[in-house]
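Residue numbers (this note's numbering): 5 to 279.
Glycine included, each C-beta is placed from N, C-alpha and C at the ideal position.
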Amino acid sequence: MTVDGGRPRVRVAEVHRLSDLFVRAELEGPALAGLDLPGVPDEACVFHFPLPGGGVDDLGRWYTLRRVAPDAGRATVDVLCHEGGVGAAWARRAAVGDEIGISRANSWFRRPGDARWQILIGDAAALPALARIAEEAPDGLWTEMVAELTDDAELPATPSTARVRRVSAAPGTSALDEIVRGLELPPGQGYVYVGGEAAATRAARKALRHELGLRPVDYGVLGYWRRDAERFRKRYEAAPDRFAQAWAEAEAGGGDDEERVLDLYEAKLSEAGLI
Ligand SMILES: Cc1cc2nc3c(=O)[nH]c(=O)nc-3n(C[C@H](O)[C@H](O)[C@H](O)COP(=O)(O)OP(=O)(O)OC[C@H]3O[C@@H](n4cnc5c(N)ncnc54)[C@H](O)[C@@H]3O)c2cc1C
């Protein structure tokens with residue numbers, strides 16, 4: 005399948021069905037070298053998949069580069085085969101020779117240089133990032149990985165560099181905030197990273213900041229997907245200016261405190277019924 009639209013593309017060189025949950029695609033192409041990858045182990049790119057009825061997904065979906073050698077033009081992505089979705093549907097039928105568009109790269113993981121430990125918490129969508137972060141941890145950095153999965157889900161292979169804990173989620177739910185509340189933080193400087201469903205990560209961020217009392221430098225939290233993605237996209241497309249206004253007001257109220265800005269932004273969206 006070929007992507008149109010003139011975007012840089014990568015080609016699928018290998019496909020591996022890792023488990024019921026994940027399809028691994030080995031990608032190749034010179035476009036990877038042109039992406040200005042941050043080189044941080046949660047780095048992710050926006051991929052534009054061909055649509056089953058023709059055309060290309062212009063919006064794109066973020067996927068973590070599970071492994072990457074940009075100069076060699078190679079990268080690996082592990083795609084979760086959840087119900088519905090352009091990305092998940094593509095993964096189910098992915099084949100060698102497929103081409104997908106690629107447009108941007110970014111990273112969010114900001115572990116302090118003097119950290120002695122890290123705790124990595126996430127649901128299935130975040131596991132590729134958590135696994136790479138654990139694998140690429142500096143020698144001597146104590147790492148715990150907490151995977152929140154439904155009981156019937158197979159835990160993907162995990163790095164030997166991490167102590168791994170599996171936490172059970174009822175289907176259709178996520179309680180990352182409860183995992184956060186139950187953490188026993190080792191002494192000294194460390195870093196807690198949480199990735200997963202948007203509402204669940206919002207609750208986890210609040211617990212880290214307001215209940216555990218961590219400083220913003222001590223943690224990173226990222227929403228990897230939305231349970232109500234279709235409705236959210238419609239709400240956003242119907243009133244992008246309301247989101248922009250909420251962000252501007254939050255920035256004005258929060259000043260340099262990024263976490264305060266996020267608190268205010270979420271409160272304003274929530275008051276307006278936008279999340
Ligand atoms: C920085 C970053 C890195 C990411 N890395 C990865 C990765 O390496 N592997 C990966 O699989 N995902 C990853 N994700 C998550 C992925 O981008 C989202 O799950 C995305 O919505 C998938 O697109 P889709 O087309 O399959 O589904 P969408 O079209 O976005 O959604 C369709 C339906 O599926 C539901 N849905 C979407 N995602 C999930 C999910 N994870 N679990 C259950 N239901 C879901 C939605 O609620 C919606 O109802 C990452 C996200 C971010 C922000």
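Mind the definition here: the segment 98–109 touches the segment 159–177 only if three or more C-beta pairs lie below 8 angstroms; say whether that holds.
no
Return the CA-CA distance between G192 and V81, expressed in angstroms with no decimal places.
34 angstroms
Would you kindly work out how many angstroms separate the C-alpha atoms of L22 and L84, rounded to a whole number?
Spanning the two alpha carbons is a distance of roughly 10 angstroms.
At what residue ranges does the segment 110–153 contain a whole run of the beta strand (DSSP E), taking only runs of 3 or more?
121–126 and 146–153
Three-way DSSP call (helix, strand, coil) for T205 in this model:
helix
The alpha helix (DSSP H) with D267 in it runs from where to where?
E262 to E275
Proximity test, Y269 beta-carbon vs ligand 1 heavy atom, cut-off 7 angstroms:
No, the Cβ of Y269 stays beyond 7 angstroms of every heavy atom of ligand 1.
Rounded to the nearest angstrom, how far is the Cβ of G199 from that of A133, given a contact under 8 angstroms?
6 angstroms
What did DSSP end up calling A243 once you bin it into helix, strand or coil?
coil
Where does I279 land, buried or exposed, given buried means 16+ other C-beta within 10 angstroms?
buried
Which one of A141, I106 and R237 has the shortest CA to CA distance from D40?
I106
Return yes when the C-beta of R120 is under 7 angstroms from any heavy atom of ligand 1, and no when it is not.
no
So, is T6 buried or exposed, given that buried needs 16 or more other C-beta atoms within 10 angstroms?
Low confidence applies here, because T6 scores a pLDDT of 44, under 50, leaving its location unreliable; read the following figure in that light. Its Cβ having fewer than 16 others within 10 Å, T6 is exposed.
Please classify M5: does DSSP put it in a helix, a strand, or coil?
Reliability of the predicted coordinates at M5 is poor, the pLDDT of 45 falling under 50, and no value is obtained from them.
Out of curiosity, what's the CA-to-CA distance linking G38 and V27?
25 angstroms
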